[in-house]
Amino acid sequence: MHKDPRKLQHRCALAHTGSMQRPIDYHHLESLIAFLTVARLGRYTAAANVLGVNHSTISRRIASLQQAMGGRLLTRSAQGWELTDLGRRAMASAEAIERAVAAIGSADEPGQVTGHVRVAAPDAFSAHLAAPTLAKLHEIHPQLLFDLVSETTRARQGRTGMDLEIVIGQPQVRRAVSHLLLKYELRLYATKRYLDLHGTPGKLEDLREHALNYYIDTALTVDKLDDATSGLPPMRRAISSNSIAVQYSATMGHGGIGLLPTFLSRHYEALVPVLHDQFTYESEYWLVGREEALRNPAVQLTATALHEAAERGDWHLAPFAPVSSAANS
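So the sequence shown is residues 639 to 967, counted in the numbering used here.
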């Protein structure tokens, strides 16, 4: 039996929170969208950027919704805007309305997921795992859009407008959910030409005579990566960069010895393992997201896809293809 769409619209318009029976008029739908976006991202400015409006518009819409609901929905904290008890009840109703609207819009395409998901991840993870994974998701769900920000930072106490963050090392954050994605190793590599010119180290102490390609010390904010060199003797720096692609390029260009992730290095024939029997450093990728963001079906689907790709070791080398040993010998 078909339901009268006018009755469905009436129920959505009269959606209430807990015992709050105040009707929400149609002009409050924009306010509900603003509220959901702030709740998921934790920042008015981030919500404004996503929705294409200014900060004052978001503030005005939230104030209008709070007046209609009869209380505060959000409270400011060091971690960004957080839900009050009334806000948590309001979010459940707002999500129900969002799902109803999405169902109407995808009636001709059942099973399709729509939305705009913002992901931040380190350079190597972004280029070689996240981008190919998100491309496959977009192919299956054309209305699912992504912003992929490539950055290598620690998980932030204050949320930054990202639905999901991939970070290196176990995050210590409050009011967020974190999951281990995968463990990996950093090891030393060089080209045959570099080793022929500068000698092959036979023990760790020999590294004092060699140059290292790694992150810029003063720009590195990730403790796990900073600690990686603690097991090595002091080495002069050759080419330092916050980009793993630059570190690979510098190493394959014979500029020094690179401290590089093994999940990519094993595919580069030009790279010769250095002291692998004496040195390795274990690290890991973690996925972090606000609880409110992870309730969004689009974010849930994205997090699941990234987790499954990481478990499979589904790395793609397209962004900087392997350079043959013949070209670098």
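Here a beta-carbon is modelled for each residue, glycine too, at the ideal position from N, C-alpha and C.
Please name the residue, chosen from the options, that lies closest to residue i on a Cα-to-Cα basis.
i, options, result
"N934", "R699, G749, N851, H754", "H754"
"A814", "S702, A701, L925", "L925"
"L724", "E733, A734, L712", "L712"
"I735", "L667, A947, H779, A677", "L667"
"V805", "R874, S921, H779", "S921"
"A947", "S697, R875, D834, A773", "A773"
"D996", "S816, Y822, E777, I895", "Any question about residue 996 goes unanswered here, given that the chain covers just 639 to 967."
"V811", "Y832, M729, G718", "G718"
"L955", "T695, S694, T771", "T771"
"R756", "D952, R950, A941", "A941"
"A866", "E823, D834, F784, A701", "E823"
"H892", "S702, F901, V910", "V910"
Go ahead and label residue i buried or exposed: buried means 16 or more other beta carbons lie within 10 angstroms of its beta carbon, across all protein chains shown.
i, result
"N692", "exposed"
"P871", "exposed"
"Q808", "exposed"
"T829", "buried"
"S868", "exposed"
"G690", "exposed"
"G840", "exposed"
"Y827", "buried"
"H766", "buried"
"S764", "buried"
"G708", "exposed"
"R950", "exposed"
"I778", "exposed"
Taking just the CA atoms, how far does residue j sit from residue i?
i, j, result
"L968", "S887", "The structure shown does not extend to residue 968, since the chain spans only 639 to 967, so no value can be given for it."
"A959", "Q704", "For A959, the predicted structure reports a pLDDT of 48, less than 50, and the residue's modelled location is therefore unreliable. A value from the coordinates is still provided. Cα to Cα, the separation comes out at about 53 Å."
"E907", "S878", "22 Å"
"L802", "H836", "43 Å"
"Q916", "V860", "24 Å"
"H848", "L898", "16 Å"
"E672", "K862", "With the sequence shown as reference, residue 672 is identified as Ala, and Glu is not the correct amino acid for it. Whole-angstrom Cα-Cα distance: 36 Å."
"Q938", "L944", "10 Å"
"R681", "D855", "30 Å"
"L858", "R792", "10 Å"
"M883", "S788", "According to the sequence shown, residue 883 is Ala rather than Met. Distance between the alpha carbons of A883 and S788 is about 12 Å."
"V972", "L786", "With the chain represented from 639 up to 967, any question about residue 972 goes unanswered, as that position is not in the structure."
"S694", "A876", "48 Å"
"G749", "L674", "22 Å"
"S702", "I696", "10 Å"
"Q885", "Y853", "8 Å"
Looking at residue i: is its Cβ nearer than 7 Å to the Cβ of residue j?
i, j, result
"T918", "R825", "yes"
"S903", "D761", "no"
"T722", "R714", "no"
"M800", "A738", "no"
"V751", "A936", "yes"
"Y923", "L775", "no"
"V676", "A686", "no"
"T790", "N851", "no"
"L679", "A732", "no"
(request) Pick out the complete alpha helix (DSSP H) segments inside the segment 751-798, 4 residues or longer, and give them in chain order. (result) 769-778
(request) Within the segment 844-885, note down every full beta strand (DSSP E) run reaching 3 residues or more, in order along the chain. (result) 849-851
(request) At 3 residues or longer, and completely inside the segment 799-838: list those beta strand (DSSP E) runs for me, N to C. (result) 802-806, 815-829
(request) Return the chain-ordered ranges of every beta strand (DSSP E) run that is complete within the segment 678-732 and spans a minimum of 3 residues. (result) 712-715, 718-721
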